[in-house]
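Here the structure is laid out as structure tokens; the discussion comes afterwards.
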Amino acid sequence: MSHPAPPIVACPMSAETFAHILLGRLKLRHLRIMLALSEMPTAAAVAARFHVSPAAVSKTLAEIEDIVGMPLFERSRRGLHLTEPGREMAAHAAVLLAQLERLAESLQAVRAGSQGALRIAFRTMSVQPFLARAMSDFYRDHPRVEISVIEGGIGELADQLVDGSLDLLFAYDDPRLSLPALRTAPMVPAQKVVIVASPDHPLLTRRKLAARELSGQQWCIPVAGSRMLHLLHAAFHTLGAPAPSLGIRTSDVAATASLLQAGHFLAVFPERIAAQLTLAKVARVLRFELGSRVEPVVAVWNDELTPRTPARLFRELVMRRAGETVMAEPVPLLAARAVAAAGVRKR
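So that you can map any letter, position 68 of the sequence shown is 68 in UniProt numbering, and since no number is skipped, the others follow by simple counting.
Structure representation (structure tokens):
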């Protein structure tokens, strides 16, 4: 059985007056309790987190609802459930608390004599050489900035952008990045997906190739669930041929480069990565039209949070360079270049 929230009578007032009331009466503890209540099912759970009594949490919630003049939660035997005003309140509380954390971090960096931190992530090798140059140049000019490259899945990294723990993400455009707080900017346009072969693969001398013939070759097959595997399967389905199934399953570029050097393998990559492998002399592009394209690469950041100073400066740097020649020219991947230098021989 549900128990209605205590009746709250909202009196008409101007937006300016309402803002004055909020700024004058809302405290940091109100924001912290509000956010915690939106994340946890009961007042008792929130009380345990903050080491206070459930009664104290209930009292704080009553204070918040009195300040805003609207019920923020529906009460039931199963716990608390956000109302529409409650969802708005919780979302803005999260942003305000994240901003305060960034302020504390910036002040601590000044106190410690550093220039702060920069946390970036990339989910595609297409921009790795470009980002390596940008990070190197940025670190040269800002040696007291602590730069970290973060790893993770696209969903996890999107969550880190939202909570402010990640500054900048470079990834293929993805529906999971379509969140209200996130903003994207194009870095690399959509690319053709091409087949690469070992440098002396017999098929490289052929002028005409059939999809079914390619299906029977040995491949470096992208791992299950990967974007490249989906595109590979879709392309061969459109061509009326079975998808490649013979070979070794890996989506690691370094491992693929080694396999291309060690035996007669085929692999599938966006054309920018293929160009890097070709430049490193570990692969050559096969003359065959797959008819497939991969999404544009975008830079993604949280537009609701004030950026850390290093993040703002680095973002300005990469956006300024994005349209320059350095972005268009392929640079050999370090992993591929190392494989080529090692001179791996076929058995």
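Note that beta-carbon positions come from the ideal geometry of N, C-alpha and C, so glycine has one too. Keep in mind that this is a model prediction, so the values were computed, not measured.
Residue i in three-state terms, based on DSSP
i      : result
Gln115 : coil
His230 : helix
Pro186 : strand
Ala235 : helix
Leu161 : helix
Met13  : coil
Ser53  : coil
Ser148 : strand
Ala43  : helix
Ala210 : coil
Gly24  : helix
His30  : helix
Arg75  : strand
Gly291 : coil
Leu266 : strand
Ala283 : coil
Gln191 : strand
Val318 : helix
Arg249 : strand
Val95  : helix
Leu107 : helix
Ala275 : helix
Val223 : coil
Leu131 : helix
Leu305 : coil
Ala171 : strand
Leu203 : helix
Ala62  : helix
Ala90  : helix
Reference residue i; option with closest CA among the options
i      : options                       : result
Met187 : Met70, His264, Phe170         : Phe170
Asp173 : Ala190, Ser292, Ser165        : Ala190
Met319 : Ala121, Met89, Ser53, Val298  : Val298
Leu231 : His81, Glu16, Ile195          : Ile195
Ala255 : Ala235, Leu290, Val223        : Val223
Phe269 : Ser106, Gly240, Met228        : Met228
Gln128 : Arg293, Gly247, Gln276, Ser58 : Gln276
Arg78  : Arg293, Gln108, Ala47, Pro41  : Pro41
Val253 : Ala274, Asp141, Leu80, His237 : Ala274
Thr124 : Ser226, Glu65, Glu101         : Ser226
His233 : Ala267, Arg206, Arg207        : Ala267
Short Cβ contact (8 Å threshold) for residue i with residue j
i      : j      : result
Phe288 : Leu182 : no
Leu118 : Ile147 : yes
Leu168 : Ala45  : no
Trp301 : Leu131 : no
Leu286 : Leu166 : no
Leu31  : Leu61  : no
Phe138 : Leu317 : yes
Ile248 : Leu259 : yes
CB contact check: residue i to chain C, cutoff 8 Å
i     : result
His30 : Annotation note: the requested chain C is absent from the structure, which comprises a single protein chain.
Cα-Cα separation, residue i to residue j
i           : j      : result
Ile221      : Phe265 : 10 Å
Leu96       : Met34  : 12 Å
Met13       : Thr309 : 38 Å
Ile154      : His20  : 40 Å
Ala328      : Lys281 : Reliability fails at Ala328, whose pLDDT of 47 lies under 50, so the model's placement of it is uncertain and no value is given.
residue 368 : Ser245 : The structure shown does not extend to residue 368, since the chain is modelled only from 1 to 347, so the question has no answer here.
Met135      : Ser126 : 15 Å
Leu214      : His201 : 12 Å
Leu23       : Gly86  : 17 Å
Gly263      : Gln218 : 9 Å
Arg347      : Arg212 : Note that Arg347 scores 38 on pLDDT, short of 50, meaning its location in the model is unreliable and no value can be drawn from it.
Glu63       : Met89  : 14 Å
Pro199      : Glu156 : 37 Å
Gly69       : Ala56  : 20 Å
Val52       : Arg29  : 12 Å
Leu82       : Ser76  : 11 Å
Pro54       : Leu103 : 30 Å
Pro71       : Glu84  : 9 Å
Glu39       : Glu16  : 30 Å
Ala257      : His237 : 26 Å
Phe73       : Glu101 : 26 Å
8 Å contact criterion, which residue i and residue j should meet: CB distance rounded
i      : j      : result
Arg176 : Ala158 : 6 Å
Arg272 : Thr278 : So it is not a contact: roughly 11 Å between Cβ atoms.
Val145 : Gly164 : 17 Å between Cβ atoms; not a contact.
Gln99  : Thr250 : Not a contact, Cβ separation roughly 42 Å.
Gly291 : Ala235 : 6 Å
Lys192 : Arg293 : 6 Å
Ala43  : Ser58  : 5 Å
Gly152 : Ala121 : 7 Å
Residue i: CB within 7 Å of a non-hydrogen atom of the ligand GDP
i      : result
Ile154 : Only the bare structure without any ligand can be found here, which leaves the ligand GDP out of the picture.
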